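Just so you know, we're using the UniProt record's numbering here: the sequence shown kicks off at 1 and counts up by one. Quick reminder that beta carbons are idealized off the backbone N, C-alpha and C, glycines included. All values derive from a computational prediction rather than experimental measurement.
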Amino acid sequence: MRPLPHEDDSAPAPRPATAGLNILVVGVGGQGVLMISKALALLAQRRGFAVKQSEVHGMAKRGGIVFSHVRFAEQVWSPTIARGEADVLVALEWAEALRWLDHLRPGRGIFIADTRRIVPPFACRSRKPGAPSAYARETPADVVGRHAEGCALDATGIATALGDSRAANTVLLGRLSAWLDYPVSDWHEVIAAIVPKGTREINRAAFDAGRAWTAPDPDESEATALATAAPAPDLHIGVTIDAAWCKGCGICVKLCPERCLAMSGPTAIVTSPTACTGCRVCEWLCPDFAVTVRNEGVPA
1 MRPLPHEDDS APAPRPATAG LNILVVGVGG QGVLMISKAL ALLAQRRGFA
51 VKQSEVHGMA KRGGIVFSHV RFAEQVWSPT IARGEADVLV ALEWAEALRW
101 LDHLRPGRGI FIADTRRIVP PFACRSRKPG APSAYARETP ADVVGRHAEG
151 CALDATGIAT ALGDSRAANT VLLGRLSAWL DYPVSDWHEV IAAIVPKGTR
201 EINRAAFDAG RAWTAPDPDE SEATALATAA PAPDLHIGVT IDAAWCKGCG
251 ICVKLCPERC LAMSGPTAIV TSPTACTGCR VCEWLCPDFA VTVRNEGVPA
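Below is the structure:
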């Protein structure tokens, strides 16, 4: 998305290298949140700042929330950043970017986010085909303009084009470096120090790509916006149980996740046809081939 204009539209205005900063890095497990925070902490230490870093990652390996506070200045007392006190928010996942927006300093915080969406299972509250999810609806255009400086970019797509989608975090680190007045050589040295030796080349390329990123033209901005397609219409799922074939084993009844089948005497019957999502578990597991599930389209 298009960042807000600066005195020099070709690049963001860098923050002074002598100034301390509060930087909040957020995402989900496995995205490399801690790698970014370690890079920032090491860079700040090498510049002579006092540094405090705090992180919470809980059930990160199962896709849980990960966030890390990085604070550096001449003196730092608390390791955490209070709401409204973050100078920079770096988000590796779109919903997490929205979740932590209120931690940015009003009017002058820097917002940097990957537009990648990782939709958690609990956002899919209906298993019906075409049902909308409860994932956040805001788009980059809705968010970026609210802040003094910021951008939303497809960091995952950039990293994938370079050969490894896992380097998306380094793409965002490169984008952040454009706002901080530190020599590029310092950033390269820090990245080389913390990433595995075999990934140094791809991470350096990802950093340089992020640093060199420019917002697309307004006519092309739709290409970077989050997809907001209308949900598909409700579908009518038909379930037929052939009583002549059914032997009454009850497997379909016991394993139907929607509980729309029941036993009636020696055979199974459909009790709640509108609850069926068309998962076909009953059809696949029926040992007697008595169950047929079909999509009958939108009912008239």
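Point to revise | For E189, the three-state DSSP class (helix, strand or coil) | key: For E189, the secondary structure class from DSSP, reduced to helix, strand or coil, is helix.
Point to revise | Pairwise C-alpha distance: A205 and A44 | key: Here the C-alpha atom of A44 lies approximately 22 Å from the C-alpha atom of A205.
Check your understanding: Going along the chain, which residues of its own chain have a beta-carbon closer than 8 Å to the beta-carbon of residue 330, five neighbours each way excluded?
Key -> Any question about residue 330 goes unanswered here, given that the chain covers just 1 to 300.
Review point. Does the Cβ of E93 have 16 or more other Cβ atoms within 10 Å, making it buried, or fewer, making it exposed?
Key: So E93 counts as buried.
Review point. Which runs of the beta strand (DSSP E), 3 residues or longer, sit entirely within the stretch 226–287?
Key: Those beta strand (DSSP E) runs which fall completely within the stretch 226–287 and span 3+ residues are 237–241, 261–264, 267–270.
Check your understanding: Do the CB positions of E283 and V270 come within less than 7 Å of each other?
Key -> For E283 and V270, no; Cβs fall outside 7 Å.
Review point. Looking at V66 and G27, is the spacing between their C-beta atoms short of 7 Å?
Key: Cβ distance < 7 Å, so G27 and V66 count as in contact.
Check your understanding: What span of residues does the alpha helix (DSSP H) with T170 cover, start to end?
Key -> Its alpha helix (DSSP H) spans residues 168–177.
Check your understanding: Quick one, are the C-beta atoms of C286 and C276 less than 7 Å apart?
Key -> Going by C-beta atoms, C286 is not nearer than 7 Å to C276.
**Study point:** Residue range of the beta strand (DSSP E) that includes S78
**Key:** Note, S78: premise wrong, no beta strand (DSSP E); not H, not E.
Point to revise | P140 classed as buried or exposed, judged by whether at least 16 other C-beta atoms fall within 10 angstroms | key: By the neighbour-count definition (other C-beta atoms within 10 Å, threshold 16), P140 is a buried residue.
Point to revise | In DSSP terms, what V88 is bridged to | key: Answer by DSSP bridge pairing, in chain order: I23, I110.
Check your understanding: For R137, does the three-state DSSP call read helix, strand or coil?
Key -> Residue state, collapsed to three classes: coil.
Review point. When the Cα atoms are used, what is the spatial distance from A212 to V253?
Key: Whole-angstrom Cα-Cα distance: 58 Å.
Review point. Who does Q31 pair with in a DSSP beta bridge?
Key: DSSP lists no partner for Q31.
Practice item. Starting from L153, follow its DSSP beta bridges and name the residues at the other end. Key: Beta-bridge annotation (DSSP): L153 is paired with D114.
Check your understanding: E55 by DSSP, collapsed to three states: which one?
Key -> Of the three classes helix, strand and coil, the one that applies to E55 here is strand, per DSSP.
Check your understanding: Using DSSP with H/G/I as helix, E/B as strand and the rest coil, what is A290?
Key -> If DSSP states are grouped into helix, strand and coil, A290 belongs with coil.
Review point. Name the DSSP beta bridge partners of residue 305, please?
Key: Lying outside 1 to 300, the shown extent of the chain, residue 305 is not represented and no answer is given.
Check your understanding: Just how far apart, CA to CA, sit G107 and D87?
Key -> Distance between the alpha carbons of G107 and D87 is about 10 Å.
Practice item. Compute the Euclidean distance between the alpha carbons of D142 and S165, then round it to the nearest angstrom. Key: One Cα belongs to D142, the other to S165, and the distance between them is close to 26 Å.
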